[in-house]
Amino acid sequence: MSSIDANPALSLSRSRTDMLRKTLLSRPSTVFAVVVIGIFTVVALFAPWIAPYDPLAQSFFKVNQYPSWEHWLGTDQFGRDVLSRIIHGSQNSLLFGVMAPTIAMVVGTTLGVVSGYFGGMVDRLVTRVIDMLLSFPELLFAIIVAAALGGGFWSVLLVMTVVFIPGFARVARSATLAVRQEPYIEAAVAMGIRTPLIIIRHVVPNMFASTMLMMTLWIASAIRLEATLSFLGIGTRPPEASWGNIIRDGLTNIFGSPWAIIGAGFSITLVVLAFNIIGDALRDAMDPESAE
Amino acid sequence: MLRIVLTRLFDAIPTVLLVLTLVFVSLRLLPGDPALVALGDQATAEQLELFREQTGLNAPIWEQYLTFLRDAVTLDFGTSLITGQPVLDTIARNLPYTLELTFVAVLLGALMGIPFGIFAAVRKNKLPDQSMRVFTLIGYAIPDFYLGALLLLFFGLNLGLFPVIGGGEGFLDRLHHVALPALTLAFVKIAFIGRLTRTALLEVLSKEYVRTARAKGAPERDVLLKHAMRNAMLPVTTGLGLSILATLSGSVAIELVFNRPGLGEMLMSAIAQRDYPMIQGGVIVFALFVVVVNTLVDIGYQIVDPRLRKAA
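Chains as they are written, first to last, in our numbering: chain Z, 458 to 749; chain P, 128 to 439.
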């Protein structure tokens with residue numbers, strides 16, 4: 458018992474979890490957001506068991522049906538069950554939504570830390586390139602690269618990761634520059650601790666909070682981005698379902714049945730809203746000044 | 128003034144180079160044979176060879192790169208594989224529709240967002256402010272193409288108030304056609320500009336000179352619109368500059384939703400038809416667009432705010 462309390466690292470992480478729990482459960486809006494994300498995560502993980510029908514099964518006898526007890530959200534122009542497609546589509550949305558920002562965080566943070574810690578020519582070059590890339594709106598940057606690559610799983614993953622790297626790199630770089638000035642870094646250097654160890658032990662933990670905050674907000678934009686690319690036809694390829702390409706299919710069938718568009722769009726909006734609410738709450742908790 | 132413009136233009140050169148290089152790398156160096164991508168799996172060996180010959184894909188990579196840069200800078204994108212027309216002509220035909228949509232959307236966003244923001248700031252924590260908070264949450268969460276599809280379903284198809292296809296002919300008809308798509312894109316701008324205005328105004332309202340203006344008995348209306356707003360406008364102008372490009376990128380999906388002609392619709396159908404020169408031309412035009420808008424916005428700031436000139 459006492460040995461745990463004496464360990465500063467453990468007590469620190471414990472207070473952090475406390476803060477997280479308090480932030481997430483203090484307001485009705487954040488509770489709502491946690492529940493929404495929880496439900497969609499379960500749906501995505503167990504999609505094959507939850508979905509009432511095979512999302513790819515076509516039937517000419519059941520084309521463009523309106524919602525009924527049998528098909529809660531009706532069927533599309535190929536007679537496929539819309540609800541089952543939306544349930545399966547959640548897998549792609551959440552997979553890319555979490556994976557792309559995570560890979561981008563690792564690559565971008567490494568780039569930013571190295572560039573900020575060592576400075577010099579490399580730093581100037583990296584900063585310049587990051588600034589240039591950040592001058593592009595995320596979506597347009599993604600469209601330009603995806604247009605050249607043409608879509609599909611690896612293309613989407615690559616595009617989305619590349620799009621998010623500059624942002625993480627910039628945050629990591631400025632955080633590193635700030636930490637670099639601290640006396641404890643000087644002390645560590647003076648004690649002869651090797652540079653990689655200094656970076657891992659002293660520099661990286663200091664940017665943990667701000668990076669995690671960015672993650673929640675970027676999961677939201679990643680989900681939107683995947684949906685938009687799939688809607689444009691340069692993301693997840695049909696017949697595999699994704700919320701974006703369900704809306705794309707729905708639009709060509711707009712005179713047949715609007716329920717595919719309404720259902721898939723509602724799902725995107727709900728999940729993005731939930732991640733945004735949590736991101737805002739975390740920012741307010743970490744930086745009370747920004748909360749007006 | 129001329130010096131500022133020239134410096135900015137000079138600064139834009141490396142960005143253009145970087146972006147063009149990125150496009151080139153994406154188009155040529157990544158796995159996959161461009162000829163095969165362009166012509167499809169059914170193409171014969173002779174067709175592939177002919178295509179490579181015509182598009183210069185047989186040349187060494189550095190030569191291809193230089194040709195690519197030269198063509199991009201001189202806006203020479205070749206002819207479409209589908210229509211046989213020069214790519215530049217197609218771009219020139221589609222460009223006005225995209226510009227029109229972007230312009231009207233940003234204008235609507237500013238015209239509705241700024242008053243909304245002022246209202247929210249003046250009635251802080253009251254109903255207008257609360258409704259802005261809700262509006263912002265929804266505006267940032269709802270994808271614009273979904274909102275567009277909903278508006279199209281309701282106002283276009285159900286009520287029949289707006290056209291659901293094309294770009295229109297003549298001024299009024301074009302305005303009628305651009306209304307729904309522009310409103311869709313303006314939605315998130317209203318939230319964005321509204322919030323910016325609110326924050327900027329609240330900060331300015333706490334300043335000494337606002338208190339002085341009130342103390343000397345200036346009417347509240349004048350304090351707000353003359354003393355406070357003028358100074359709060361700088362961040363709002365910055366936001367408007369930023370939102371031009373965000374609107375432009377959003378226009379790609381919106382043109383698809385509303386079946387409007389435009390650069391985005393052009394690029395997306397080029398991808399669907401594997402029209403390689405058209406894809407290349409479209410992508411380069413979008414990239415150049417970003418650089419041009421950023422440069423113009425930058426020059427604009429320095430004209431609006433003399434303080435920035437010293438810093439540059």
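For each residue, glycine too, the CB sits at the ideal point set by N, CA and C.
Sort the options by Cα distance to residue i and report the nearest one.
{"i": "R357(P)", "options": "V331(P), T311(P), A340(P), G368(P)", "result": "V331(P)"}
{"i": "M395(P)", "options": "D741(Z), G692(Z), D737(Z)", "result": "G692(Z)"}
{"i": "I218(P)", "options": "R401(P), K334(P), I426(P), A397(P)", "result": "A397(P)"}
{"i": "Y224(P)", "options": "P404(P), N421(P), H303(P), L329(P)", "result": "H303(P)"}
{"i": "A679(Z)", "options": "F723(Z), P509(Z), V571(Z), L615(Z)", "result": "L615(Z)"}
{"i": "K334(P)", "options": "L323(P), V350(P), T324(P), I320(P)", "result": "V350(P)"}
{"i": "T311(P)", "options": "L299(P), T339(P), L274(P)", "result": "L274(P)"}
{"i": "M360(P)", "options": "T324(P), P270(P), F230(P)", "result": "T324(P)"}
{"i": "V579(Z)", "options": "P594(Z), S592(Z), R630(Z), A605(Z)", "result": "R630(Z)"}
{"i": "S687(Z)", "options": "T206(P), E173(P), P213(P), F272(P)", "result": "F272(P)"}
{"i": "G713(Z)", "options": "V583(Z), P509(Z), G531(Z)", "result": "G531(Z)"}
{"i": "V565(Z)", "options": "W716(Z), V620(Z), L582(Z)", "result": "In the sequence on display, residue 565(Z) carries Gly and not Val. Per the Cα distances, V620(Z)."}
{"i": "R322(P)", "options": "P255(P), K343(P), A340(P)", "result": "P255(P)"}
{"i": "G577(Z)", "options": "R740(Z), L634(Z), V613(Z)", "result": "L634(Z)"}
{"i": "I269(P)", "options": "V491(Z), I719(Z), Q534(Z), T474(Z)", "result": "I719(Z)"}
{"i": "L288(P)", "options": "W189(P), L279(P), G294(P), E296(P)", "result": "L279(P)"}
Beta-carbon separation of residue i and residue j under 7 Å?
{"i": "A318(P)", "j": "T263(P)", "result": "yes"}
{"i": "L228(P)", "j": "S378(P)", "result": "yes"}
{"i": "I676(Z)", "j": "W700(Z)", "result": "no"}
{"i": "I381(P)", "j": "P308(P)", "result": "yes"}
{"i": "A501(Z)", "j": "L540(Z)", "result": "no"}
{"i": "I426(P)", "j": "V132(P)", "result": "yes"}
{"i": "F204(P)", "j": "L215(P)", "result": "yes"}
{"i": "G608(Z)", "j": "R694(Z)", "result": "yes"}
{"i": "A514(Z)", "j": "H545(Z)", "result": "no"}
{"i": "I209(P)", "j": "Q400(P)", "result": "yes"}
{"i": "V143(P)", "j": "V418(P)", "result": "yes"}
{"i": "A557(Z)", "j": "M617(Z)", "result": "yes"}
{"i": "I543(Z)", "j": "A731(Z)", "result": "no"}
{"i": "A162(P)", "j": "L175(P)", "result": "yes"}
{"i": "P594(Z)", "j": "S376(P)", "result": "yes"}
{"i": "P512(Z)", "j": "A721(Z)", "result": "no"}
{"i": "D538(Z)", "j": "Y510(Z)", "result": "yes"}
{"i": "H354(P)", "j": "A340(P)", "result": "yes"}
{"i": "G183(P)", "j": "I320(P)", "result": "no"}
{"i": "G368(P)", "j": "V305(P)", "result": "no"}
{"i": "A247(P)", "j": "M239(P)", "result": "no"}
Count the other C-beta atoms from every protein chain shown that fall within 10 angstroms of the C-beta of residue i, then say buried if there are 16 or more, exposed otherwise.
{"i": "K443(P)", "result": "Here chain P covers residues 128 to 439 and nothing more, so residue 443(P) does not appear."}
{"i": "I703(Z)", "result": "buried"}
{"i": "W526(Z)", "result": "exposed"}
{"i": "G389(P)", "result": "buried"}
{"i": "L467(Z)", "result": "Low local confidence applies: a pLDDT of 45 at L467(Z) is under 50, so the model's placement there is unreliable, and no value is given."}
{"i": "N733(Z)", "result": "buried"}
{"i": "S547(Z)", "result": "buried"}
{"i": "P187(P)", "result": "exposed"}
{"i": "P346(P)", "result": "exposed"}
{"i": "V636(Z)", "result": "buried"}
{"i": "F314(P)", "result": "buried"}
{"i": "K316(P)", "result": "buried"}
{"i": "I140(P)", "result": "exposed"}
{"i": "Y336(P)", "result": "exposed"}
{"i": "Q429(P)", "result": "buried"}
{"i": "D737(Z)", "result": "buried"}
{"i": "P715(Z)", "result": "buried"}
{"i": "A647(Z)", "result": "exposed"}
{"i": "P404(P)", "result": "buried"}
Original post:
Any residues in the stretch 387-401 of chain P with a beta carbon nearer than 9 Å to a beta carbon of chain A? Which ones, in chain order?
Top reply: In summary, chain A is missing from the structure at hand, where the protein chains are Z and P.
**OP:** Check distances from the C-beta atoms of the stretch 353-378 of chain P to those of chain Z and list, in chain order, the residues that come in under 8 Å.
**Re:** L372, A373, L375, S376, G377
**OP:** Indicate whether the contact test is met: 3 or more Cβ pairs, each with one atom in the stretch 612-624 of chain Z and one in the stretch 584-597 of chain Z, closer than 8 Å.
**Re:** yes
Original post:
Is the stretch 706-721 of chain Z touching the stretch 142-149 of chain P, taking contact as three or more C-beta pairs under 8 Å?
Top reply: no
Original post:
Taking one C-beta from the stretch 399-418 of chain P and one from the stretch 598-608 of chain Z each time, how about it: are there three or more such pairs within less than 8 Å?
Top reply: yes
**OP:** Report yes or no: do three or more beta-carbon pairs, one from the stretch 512-521 of chain Z and one from the stretch 664-674 of chain Z, lie closer than 8 Å?
**Re:** no
Subject >> Residues, ordered as in the chain, of the stretch 241-264 of chain P that lie near chain Z by beta-carbon distance below 8 Å >> reply: L264
**OP:** With 9 Å as the C-beta to C-beta threshold (strictly closer), list the residues of the stretch 505-530 of chain Z near chain P in chain order.
**Re:** none
Original post:
Three or more beta-carbon pairs under 8 Å between the stretch 562-575 of chain Z and the stretch 651-664 of chain Z, yes or no?
Top reply: yes
Subject >> Where the stretch 596-611 of chain Z meets chain P: residues whose CB sits under 7 Å from a CB there >> reply: L596, L597, I600, I601, V602, A604, A605, L606, G607
Subject >> the stretch 568-598 of chain Z: positions lying closer than 9 Å to chain P by Cβ >> reply: R585, V586, D588, M589, L590, S592, F593, P594, E595, L596, L597, F598
Subject >> Against chain Z: residues of the stretch 411-426 of chain P by CB proximity under 7 Å >> reply: F413, A414, V417, N421
Original post:
What are the residues of the stretch 717-729 of chain Z that lie near chain P, defined by any Cβ-Cβ distance shorter than 7 Å?
Top reply: I718, G722, I725, T726, V729
Original post:
the stretch 685-710 of chain Z: which residues have C-beta closer than 7 Å to a C-beta of chain P, in chain order?
Top reply: T685, F688, L689, G690, I691, I704, L708
Original post:
Which residues, in chain order, does the stretch 264-282 of chain P contribute to contact with chain Z at a C-beta distance below 9 Å?
Top reply: L264, I265, Y267, A268, I269, P270, D271, F272, Y273, L274, A276, L277, L279, L280
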